[in-house]
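Just below is one structure, and these are the notes that go with it.
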Amino acid sequence: MCKHEVMIDRYTVCKHRQWLEYTGRKEDCDLPTCRTSPRHMHNTKNCACHAYVEDIEKTRSVHDTICPGCESIQRSAARM
Numbered sequence: 091m092c093k094h095e096v097m098i099d100r101y102t103v104c105k106h107r108q109w110l111e112y113t114g115r116k117e118d119c120d121l122p123t124c125r126t127s128p129r130h131m132h133n134t135k136n137c138a139c140h141a142y143v144e145d146i147e148k149t150r151s152v153h154d155t156i157c158p159g160c161e162s163i164q165r166s167a168a169r170m
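The numbers in our numbering rise by one with no breaks, and the one at position 35 of the sequence shown is 125.
See below:
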């Protein structure tokens, strides 16, 4: 399984994670049947191979608040 590193922000109050961006760092699984591996055996665009990818989360920031999505929901509920 290939591993791709992604940066996240964590919010401790609501326990949500917000994905920010892929860092570009990858670990290759070296499987010829994995579509994301450089060793992939097919060159066709419509290949039936699966992409065996696991996202490895690296925390950029930890916030002692709620995430922007939960904050928006709270504001909407307060208006009602």
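Backbone N, C-alpha and C fix where the C-beta goes; we use that ideal spot for every residue, glycine too.
C-beta atoms of residue i and residue j nearer than 8 Å
i, j, result
"LEU110", "ASP120", "no"
"LYS116", "HIS130", "no"
"THR123", "CYS104", "no"
Nearest to residue i (by Cα), restricted to the options the options
i, options, result
"CYS157", "GLN108, VAL96 and PRO122", "GLN108"
"LYS148", "CYS104, MET91 and GLY114", "GLY114"
"ASP118", "MET97, MET91, TYR101 and SER166", "MET91"
"LYS135", "MET97, GLU144 and ARG125", "ARG125"
Buried versus exposed, by CB contacts within 10 Å (16 or more), residue i
i, result
"SER127", "buried"
"CYS137", "exposed"
For residue i, three-class secondary structure by DSSP
i, result
"ARG125", "coil"
"ILE156", "coil"
Contact test: residue i Cβ vs the ligand FAD heavy atom, cutoff 7 Å
i, result
"CYS139", "Among the components of this structure there are no ligands whatsoever, and the ligand FAD is therefore not found."
Own chain, CB closer than 6 Å to residue i, minus 5 neighbours either side, in chain order
i, result
"SER151", "ASP99"
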